[in-house]
């Protein structure tokens with residue numbers, strides 16, 4: 001390593017040590033500030049994009065690890081099976097897959113009394129798990145996010161919310177059955193309101209990355225933000241946890257058309273470290289230049 005590079009490295013390490021020691025000596029307040037600074041430095045850089053088909057890739061996406069070599073999965077109005085649509089399940093949200101290969105799609109319908117999670121096992125078989133709404137629960141079923149241990153699934157409601165919902169993962173957690181109601185097991189209480197979250201995925205056991213379709217920008221100072229939610233503990237279904245919300249950046253809003261964009265689902269592929277987010281273009285350009293954007297950390 002050249003001398004100048006070694007000097008810069010030594011200075012950086014010395015500065016880091018001083019900051020760390022200062023945080024310890026100054027007590028919890030300084031330590032909390034240091035943690036907040038670390039979160040603020042969590043940057044995701046756009047590295048590419050792919051066209052998102054408006055019929056089959058306009059709601060959500062998921063990377064599937066098992067079986068090996070499985071293609072990425074997408075959802076859109078064109079992916080809803082006719083049989084489901086005929087029974088009223090007319091909206092599919094952002095899906096996710098457990099690390100053992102169970103693939104979960106969230107559905108909603110207009111009656112407002114139930115939600116449904118459609119699960120495909122690694123052997124290809126499908127099952128349906130219906131959840132009856134709890135008092136005060138919004139009928140929207142915008143997304144699902146399976147915890148890294150596979151046992152718990154987070155889901156979200158539409159509008160301005162201060163919580164996320166925790167369920168046993170249908171088809172994976174042994175407490176679930178297609179013939180029984182899928183119960184809400186716990187709640188994630190957020191320290192900052194979020195609006196119109198369209199998708200979340202686990203970065204690790206206690207960190208979520210989420211796409212927000214917030215059109216107003218009053219909550220974080222930007223519209224359509226990419227959010228990070230740091231959980232106080234990994235969800236275990238037996239106790240509520242808290243979540244600290246940080247807006248990391250605005251999602252790309254580029255199109256040949258002007259008007260309102262729509263941020264959609266999100267996926268984090270731990271094998272490649274790639275984050276992908278769908279952004280649907282306004283007006284006629286929904287057909288031509290809607291994109292799945294790719295990001296890497298740093």
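Numbering (our numbering), first residue to last: 1 to 298. Every residue, glycine too, gets a C-beta built ideally from N, C-alpha and C. Keep in mind the model is a prediction, meaning the values are calculated, not measured.
Expected contact under 8 Å - CB spacing of residue i and residue j to nearest Å
i: residue 95; j: residue 62; result: 5 Å
i: residue 267; j: residue 201; result: 6 Å
i: residue 114; j: residue 133; result: 7 Å
i: residue 167; j: residue 180; result: No, residue 167 and residue 180 are not in contact; Cβ-Cβ is about 13 Å, not under 8 Å.
i: residue 280; j: residue 295; result: Rounded, the Cβ-Cβ distance is 17 Å, inconsistent with contact.
i: residue 199; j: residue 45; result: Not a contact, Cβ separation roughly 19 Å.
i: residue 230; j: residue 206; result: 7 Å
i: residue 106; j: residue 141; result: 4 Å
i: residue 144; j: residue 117; result: 6 Å
i: residue 75; j: residue 60; result: 5 Å
i: residue 163; j: residue 188; result: 6 Å
Cβ pair residue i, residue j closer than 9 Å
i: residue 265; j: residue 208; result: no
i: residue 186; j: residue 136; result: no
i: residue 212; j: residue 195; result: yes
i: residue 249; j: residue 225; result: yes
i: residue 277; j: residue 256; result: no
i: residue 160; j: residue 146; result: no
i: residue 119; j: residue 102; result: yes
i: residue 306; j: residue 252; result: There is no way to answer for residue 306, as the model of the chain reaches only from 1 to 298.
i: residue 203; j: residue 184; result: no
i: residue 193; j: residue 219; result: yes
i: residue 112; j: residue 139; result: yes
i: residue 77; j: residue 66; result: no
i: residue 127; j: residue 171; result: yes
i: residue 292; j: residue 52; result: yes
i: residue 64; j: residue 274; result: no
i: residue 129; j: residue 82; result: no
i: residue 258; j: residue 221; result: no
i: residue 305; j: residue 88; result: Residue numbering for the chain in the displayed model covers 1 to 298; residue 305 lies beyond these limits and cannot be assessed.
Terminal residues of the alpha helix (DSSP H) in which residue i lies
i: residue 84; result: 82-86
One or two residues paired with residue i in a DSSP bridge
i: residue 255; result: Bridge partners of residue 255: none, in fact.
i: residue 185; result: BP columns for residue 185 are empty, so no partner.
i: residue 194; result: 161
i: residue 199; result: 211
i: residue 243; result: 190 and 231
i: residue 129; result: 117
i: residue 103; result: 97 and 120
i: residue 149; result: Note: residue 149 sits in no beta bridge, so no partner.
i: residue 204; result: 207
i: residue 226; result: 211 and 249
Where the beta strand (DSSP E) through residue i begins and ends
i: residue 89; result: 89-92
i: residue 264; result: 262-269
i: residue 169; result: Careful: residue 169 lies outside any beta strand (DSSP E) and carries neither H nor E.
i: residue 293; result: 291-297
i: residue 46; result: 44-51
i: residue 277; result: 274-280
i: residue 144; result: 144-146
i: residue 75; result: 73-75
i: residue 61; result: 60-62
i: residue 155; result: 152-155
The ligand SAM heavy atom lying under 8 Å from the CB of residue i
i: residue 233; result: Looking for the ligand SAM in the displayed structure turns up nothing, as the structure carries no ligands at all.
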